[in-house]
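Comments concern the structure below.
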Amino acid sequence: MDLGLDVDPDRNGWAVLSVRGEVDVYTAPRFRERLIELVSEGKHRIVVDLEGVDFLDSTGLGVLVGGLKRLRSHDGDLALVCTQARILKVFEITGLTKVFSIYDTVDAAVAA
Amino acid sequence: MGVGVAGQVVELEIPARPEFVALARMVVAAMASSDANLPDDRIDDLKIAVSEACTNAIEAHDAVAADERVVVRCRADQQTLEVRIEDRGGGFDPSTLPEHPPVTDPDRLKFERGLGIPLIRSLVDEVEIKSSSDGTAVRMVMRREILEP
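Chains A and B, in that order, give the protein sequences. For the first sequence, the numbering used here gives the first residue as 32, with consecutive numbering after it. For the second sequence, the numbering used here gives the first residue as 1258, with consecutive numbering after it.
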């Protein structure tokens, strides 16, 4: 199972991490490591683009919650891009739509 | 392996390792999608629930260094699609899972885990969790939509 992680280091002052594939207990560690690397590189405003994600379970939610906590501790922020109903559903059920800023496009996220 | 036939059972044993959770999802989804009365969004719900239960099973095995496999059993009949996931981990008490703070509470960000069981309960029509020190069995049921003739 493949997980794609592509980084655009600077879009209007935000780093954009585009995730592709399935995020579960097997692939989540790579996702978490990449987020931590970005923060270590001084990227404290990160957009995670989930439009290429086919599947995401609570392990993936945990990575995002951990990322947001880490970024907030650096006075930063983490925004999400997601329009897929099946992915948004897990955020809605868990109430995390109130924790994350979720946008329809990367452009909208970096303009916020 | 026959799938999608009423009364048919499919059983899969997977090593208790993270790389096999995707296989469990795939097999359950294949069985669910062969049933035209289970729509795609319900199959997506079931895949998440299976992923959560298998993840918990693998972590339970890891916690007690158990070598046994995790068993995923699907059974379809006229009204329901039932998935049962059994592990030989150390078990837990599903009635004593910690409550997360409200999402508006800044302390909510301290909780990166513990969303799996609530997600399962929300996504499937029926869930039953039996757990002891010998292992855990999670039984999840999706009800088929019966179309009027």
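We treat Cβ as the ideally placed atom computed from N, Cα and C, and that holds for glycine.
Query raised in the report: For chain B, is any of its Cβ atoms less than 8 Å away from the one on E64 (chain A)?
Result: Along the first sequence, one-based indexing puts residue 64 (chain A) at 33. Chain B, which has no Cβ nearer than 8 Å to the Cβ of E64 (chain A), makes this no.
Requested in this report: Report the neighbours of D12 (chain A) on chain B: residues whose CB is nearer than 8 Å to its CB, in chain order.
Outcome: Within the shown structure, residues of chain A are numbered from 32 to 143, placing residue 12 (chain A) beyond reach of any answer.
Query raised in the report: Taking three-plus beta-carbon pairs below 8 Å as touching, is the segment 1317 to 1333 of chain B in contact with the segment 1373 to 1382 of chain B?
Result: Pairwise C-beta distances place the segment 1317 to 1333 of chain B out of contact with the segment 1373 to 1382 of chain B, as fewer than three of them are shorter than 8 Å.
**Report entry** Cβ neighbours of S1308 (chain B) in the same chain (closer than 7 Å, five flanking residues each side left out)
**Finding:** For the purposes of this step, residue 1308 (chain B) is taken as residue 51 along the second sequence, with counting starting at 1. Within the same chain, S1308 (chain B) has close Cβ partners V1278, R1282.
Query raised in the report: So what does DSSP say about T1312 (chain B), is it helix, strand or coil?
Result: On the second sequence, position 55 is the one that residue 1312 (chain B) refers to. T1312 (chain B): helix per DSSP, three-state reduction.
Query raised in the report: To which residues of the same chain is G98 (chain A) closer than 6 Å at the C-beta, ignoring the five residues directly before and after it?
Result: Sequence index remark: in the first sequence, residue 98 (chain A) carries index 67 (1-based). Exclusion of the five residues before and after G98 (chain A) leaves L66, L109 as the residues of its chain whose Cβ lies within less than 6 Å of its Cβ.
Report task. Please list, in chain order, all residues of the same chain as D39 (chain A) whose beta carbon is under 6 Å from its beta carbon, the five residues on each side excluded. Result -> Within the first sequence, numbered from 1, the residue matching residue 39 (chain A) stands at position 8. Within the same chain, D39 (chain A) has close Cβ partners V47.
Query raised in the report: Can you tell me whether G1259 (chain B) is buried or exposed, with buried defined as 16 or more other CB within 10 angstroms of its CB?
Result: Here residue 1259 (chain B) refers to the residue found at position 2 of the second sequence. Note on G1259 (chain B): pLDDT 39, under 50, position unreliable in the model; the coordinate value appears next. G1259 (chain B) is exposed by the Cβ-count criterion.
Query raised in the report: Between the C-alpha atoms of P1358 (chain B) and T1393 (chain B), what's the straight-line distance to the nearest angstrom?
Result: Residue numbering aside, residue 1358 (chain B) sits at position 101 when the second sequence is read from its first letter. Residue numbering aside, residue 1393 (chain B) sits at position 136 when the second sequence is read from its first letter. Roughly 26 Å separates the two Cα atoms.
Requested in this report: Would you please verify whether the beta carbon of V56 (chain A) is less than 8 Å from any beta carbon of chain B?
Outcome: The residue given as residue 56 (chain A) occupies position 25 in the first sequence. With 8 Å as the cut-off, V56 (chain A) counts as an interface residue toward chain B.
Requested in this report: Name, please, each residue of chain B whose Cβ falls closer than 9 Å to the Cβ of T148 (chain A).
Outcome: Outside the displayed span of chain A (32 to 143) sits residue 148 (chain A), for which this structure offers no information.
Query raised in the report: Can you name the residues of chain A whose CB is closer than 7 Å to the CB of D1301 (chain B)?
Result: Taking the second sequence and counting its residues from 1, one reaches residue 1301 (chain B) at position 44. For a Cβ distance threshold of 7 Å, residue set R117 of chain A lies close to D1301 (chain B), ordered along the chain.
**Report entry** Stretch-stretch touch, CB-based, cutoff 8 Å, three pairs: the segment 1283 to 1292 of chain B with the segment 110 to 119 of chain A
**Finding:** No, the segment 1283 to 1292 of chain B is not in contact with the segment 110 to 119 of chain A.
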